[in-house]
Amino acid sequence: MTDELAKAWAYLSRVVEPPCPALAALVQRVGAVEAAERVRRGRAGDEINRYAEARRDIDCTADDLAVLARLGGRLLTADDDEWPLLAFTGFAGIGERRPQAHPPMALWAVGPAALDDVAWRAAAVVGTRAATAYGEYVAADFATGLAERDVAVVSGGAFGIDGAAHRSALAADGLTVAVLAGGIDVPYPAGHATLLRRIAEHGLLLSEYPPGVRPARHRFLTRNRLVAALAGPRWSWRRGPAAVRRTPRPGHVPWDVRYARCPARSRRRPRSDATPCFAMERTS
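With UniProt numbering as the guide, the letters of the sequence shown map in order to residues 1 to 284.
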């Protein structure tokens with residue numbers, strides 16, 4: 001990627017809150033460099049101009065790319081061989097029903113793992129921050145089993161289930177990926193700074209947001225679509241996102257293990273010899 005192209009992508013990554021399908025369409029039509037120039041001049045069309053109005057004159061590209069270089073990271077786009085094109089094809093055709101269901105334009109990445117390799121052999125293990133000890137045990141056991149079978153463990157880096165999954169994958173010398181809801185230079189939660197650094201050294205830190213961006217509630221929700229896309233079922237029926245037990249709320253009786261879209265459910269009251277359900281949805 002040339003310096004001019006890198007600066008254009010860095011600018012476009014910050015100028016609007018992702019995902020922005022209108023901006024993505026403009027980039028596809030005229031290229032990143034021309035699209036960035038049109039946005040700067042306010043000539044990108046009414047819709048994009050409205051989205052970019054607050055940030056159009058804020059150009060942090062030099063600082064953002066300097067942070068990326070300091071971290072030893074890279075800025076990935078659909079033009080890169082590492083881009084997981086197959087993983088993101090699932091967004092096609094659903095954007096009209098779900099406004100956030102669009103692929104990313106660019107991703108900021110730190111770590112030795114190649115994103116296309118990750119997406120081809122990944123499973124997501126995600127869940128509540130307020131996890132029970134049993135929930136963390138199941139998540140850790142599940143992540144260890146995946147890592148031992150050369151399956152990459154994708155999660156969000158949070159406390160609770162996410163952290164248990166990441167730590168267990170690392171302990172098993174497996175590959176793990178943390179998809180962040182803020183910049184790759186903003187360790188969140190702060191208590192997981194060491195864990196995130198280990199993931200960057202041995203796996204992959206990934207974010208749709210440029211350096212310095214703080215996590216926010218809506219960004220966690222937007223981030224989740226990338227976790228699901230990277231772990232979508234492609235070559236094995238034992239794939240897909242899994243969510244495990246949280247601390248019960250008043251009036252709520254939790255399942256011991258709850259897998260997203262999993263037809264097999266565990267018992268409400270675990271026996272000492274109970275075996276967690278690891279069934280996943282089939283691709284066929």
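Backbone N, C-alpha and C define an ideal beta-carbon position, used for all residues, glycine too. Being a predicted model, the structure only gives us computed values, none of them experimental.
Distances from the alpha-carbon of A152 to those of A36, D116 and V186 put D116 closest. Rounded to the nearest whole angstrom, the C-alpha separation of A140 and A172 is 10 Å. The Cβ atoms of S155 and V125 sit closer than 8 Å to each other. If you look at G127, you'll find it in the beta strand (DSSP E) that goes A122 to G127.
Annotation for T222: the continuous alpha helix (DSSP H) segment containing it runs R217 to L230.
The residue from P210, N49 and V179 with its alpha-carbon nearest to that of L196 is V179. If you draw a straight line from the Cα of A122 to the Cα of F220, it comes to about 20 Å. In the structure shown, the three-state DSSP call for V16 is coil. DSSP places T2 in no alpha helix (DSSP H); its state is neither H nor E. By the C-beta criterion, the segment 131-147 is judged to be in contact with the segment 160-168, since at least 3 inter-stretch pairs fall below 8 Å. By the CB criterion at 8 Å, L71 and A36 fall outside the cutoff. Unbroken beta strand (DSSP E) runs of no fewer than 3 residues, entirely contained in the segment 53-77, are found at 74-77, following chain order. If you draw a straight line from the Cα of E201 to the Cα of G157, it is about 14 Å long. Of all C-beta pairs linking the segment 84-92 to the segment 31-48, fewer than three are shorter than 8 Å, placing the two stretches out of contact. For V118, the secondary structure class from DSSP, reduced to helix, strand or coil, is helix. In the DSSP annotation of this structure, T144 is not part of any beta strand (DSSP E); the continuous alpha helix (DSSP H) holding it starts and ends at A133 to E148.
Here T2 is exposed. Its C-beta has fewer than 16 other C-beta atoms within 10 Å. For T194, no beta strand (DSSP E) encloses it; the enclosing alpha helix (DSSP H) starts and ends at A193 to H202. For the options P19, G31 and A229, the alpha carbon positioned closest to that of L5 is the one of G31. Distance from the CA of G232 to the CA of G145, rounded to the nearest whole angstrom, comes to 18 Å.
Beta-bridge partners of V177 (DSSP): V154 and L204.
In the three-state DSSP reduction, A172 falls in the coil class, being neither helix nor strand. Note on A54: under 16 other CB atoms within 10 angstroms of its CB, so exposed under the neighbour-count rule. A straight line joining the alpha-carbon of G183 with that of A193 spans about 13 Å.
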